[in-house]
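Numbering (our numbering), first residue to last: 15 to 372. Ideal Cβ positions, reconstructed from N, Cα and C, are used throughout, including at glycine. Since this is a predicted model, take the numbers as computed values, not measurements.
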Amino acid sequence: MFQGIDHIEFYVGNALATAYFYTNALGFRPLAESGLETGARDRQSFVVTQGEIRLVFTNALDPQSPIADSVRLHGDAIHDIAIQVDDVDRAFQHCLEQGARAIAGPATSEDADGVVRRATIATFGDTVHSLVQRNEYRGPFLPGYRPRSGRAGAPIEERGHLCAVDHIACCVDRGTLTDWVGFYQRVFGFSEVHHEDVVTERSAMNSRVVGSANGRIKVPLMEPAPARGRSQIEEFLDYHHGGGAQHLAFLSEDIRAAVRALQAGGLEFLETPATYYDTLAARVGTIDESFADLAALNILADRDRWGYLLQVFTRPVTGRPTAFLEVVQRHGARGFGGGNVRALFEAVERAQAARGNL
Ligand code: FE2
């Protein structure tokens, strides 16, 4: 019933500028736009794509708009993790029967390219899941959007080396993690694929990962756990003002090329302590890539019983210490870099300490 991620929509202060960031720094390609010229009166949106990934950036045209309210409260943030469904009426009904709160019931929109049916339910914080049925639609994105073509000099989709959304990691309020795991199990039929609690010297978090049976949707959920200091989860909750999507992980088939390309575009990654690489070979064994390359590019590695993965994290990209991006390459591994969670946690905490928020 729930087939995969259709698109991810951010509410932002300036959609065009954010779209430029994703096209110029991350190698996304302009796909579509909507606004006053296409009949939208209260918002403008720009859609970018790379591989199977579709991101939508939307800003308000009116200070009274709920989009403006969202940006004032949360800053630039992921608003909608839209899920593709084969039958929106059945999917929406199922969600409500399992206790989801309706935001908008199924509605049809259409243009010369066909018909889309869509409904929306609420999840943690002010985040929503749209349910999108697009099997009778051939247009660039959705009805109401017009195509927006690439810029000059544009084989840029090859620059980013990003092919799909691997996972969307989300922070929820303290004490609600079990409830939200149950929500995704009941409402979307996801199963729990991973469980990890992390404790560092100063802070702690609990993490459980829910995912769809077809493996196309993976949602790590995290809550702060009691500790001496303030965890990165609490910092997110404080600056985002409630639960929300903390990081978006893009899958790459060549993370070294991806990192080089994204760095050339100006994207800034978290630095990994040099001592991390002293013990890496002992921890992950033989891998295809050279450890010197990984160290030069701040790429982390981890192994589980299925294989290994490589991953790297950016600085926050939203103007607040809230959401950031990850690039991950999987060599069989099905985990999320559990062995690196502590390393990431400590890397993020160093940045957090530098901001005076630890
Ligand atoms: Fe991640």
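State yes or no: is the C-beta of A183 nearer than 7 Å to some heavy atom of the ligand FE2? Yes.
Quick check: what's the CA-CA separation for H376 versus E303? The first residue shown for the chain is 15 and the last is 372, placing residue 376 beyond what the model contains.
Are D90 and T332 close, meaning C-beta to C-beta below 8 Å? With a cutoff of 8 Å on beta-carbon distance, D90 and T332 are scored as near each other.
Express the C-alpha separation of C177 and I67 in angstroms, rounding to a whole number. Taking the straight line from one Cα to the other gives about 7 Å.
In its own chain, which residues sit with a C-beta less than 7 Å from the C-beta of I247, not counting the 5 before and 5 after it? C185, M219, M236, E237, P238.
Can you give the Cα-Cα distance for D56 and S79, rounded to whole angstroms? Their backbone Cα atoms lie some 7 Å apart in a straight line.
Return helix, strand or coil for V273, following the three-state DSSP convention. In the structure shown, V273 sits in a helix (DSSP, three-state: H, G or I).
Output the distance between the C-alpha atoms of N149 and A295, rounded to the nearest integer angstrom. Distance between the alpha carbons of N149 and A295 is about 47 Å.
Taking only three categories from DSSP, how would you classify Q199? Reduced to three states, the DSSP call for Q199 is helix.
According to the Cβ coordinates, are S245 and S217 closer than 8 Å? A contact, by the Cβ cut-off of 8 Å.
From V61 to L69, what distance separates their C-alpha atoms? When the Cα atoms are used, V61 and L69 turn out to be separated by approximately 6 Å.
Please report the distance separating the alpha-carbon of F155 from that of D180. Using only the alpha carbons, I get a separation of about 21 Å.
Can we count F283 as close to the ligand FE2, meaning its CB is less than 7 Å from some heavy atom? Not under cutoff, so the answer is no.
Hey, would you say A133 sits closer than 8 Å to G119, going by beta carbons? Cβ atoms of A133 and G119: closer than 8 Å.
When burial is assigned at 16 or more other CB atoms within 10 Å of the CB, is P161 buried or exposed? P161 comes out exposed.
Taking only the alpha-carbon atoms, compute the straight-line gap between F202 and F16 and give it to the nearest angstrom. Using only the alpha carbons, I get a separation of about 7 Å.
Cβ-heavy atom distance between P330 and the ligand FE2 below 7 Å? Checking every heavy atom of the ligand FE2 against the Cβ of P330, none is found closer than 7 Å.
Is it right to say H143 is buried, meaning 16 or more other beta carbons lie within 10 angstroms of its own, or is it exposed? Per the 10 Å Cβ criterion, buried.
E248 Cβ short of 7 Å to the ligand FE2 heavy atom set: Remark: the shortest separation between the CB of E248 and any heavy atom of the ligand FE2 does not fall under 7 Å.
Please tell me whether, using a cut-off of 7 Å, the distance from the CB of H209 to the nearest non-hydrogen atom of the ligand FE2 is below it. False, no ligand heavy atom lies under 7 Å from that Cβ.
Burial state of W194 (16 or more Cβ within 10 Å): Classification of W194: buried, given that the 10 Å Cβ count is 16 or more.
One or two residues paired with F71 in a DSSP bridge: DSSP output for F71 lists F24, F60 as bridge partner(s).
Here's the rule I'm using: 16 or more other beta-carbon atoms within 10 Å means buried, otherwise exposed. How should T37 be labelled? Per the 10 Å Cβ criterion, buried.
CB of A278 to nearest heavy atom of the ligand FE2: below 7 Å? Incorrect: A278 has no Cβ contact closer than 7 Å to the ligand FE2.
Given this structure, state the Cα-to-Cα distance separating R86 from D316, to the nearest angstrom. Going from the Cα of R86 to the Cα of D316 covers about 38 Å.
Could you give the DSSP three-state label for L176: helix, strand or coil? Reduced to three states, the DSSP call for L176 is coil.
Relative to the ligand FE2, is the shortest distance from any of its heavy atoms to the C-beta of A263 smaller than 7 Å? Yes, since a heavy atom of the ligand FE2 falls inside the 7 Å radius drawn around the Cβ of A263.
Contact set for G167: own chain, Cβ-Cβ below 6 Å, skip 5 residues either direction: Because the pLDDT of G167 is 44, which lies under 50, any placement of that residue in the model is unreliable, and the question is left without a value.
Please classify P240 as buried or exposed, where buried requires at least 16 other C-beta atoms within 10 Å of its C-beta. It is exposed - the Cβ of P240 has fewer than 16 other Cβ atoms within 10 Å.
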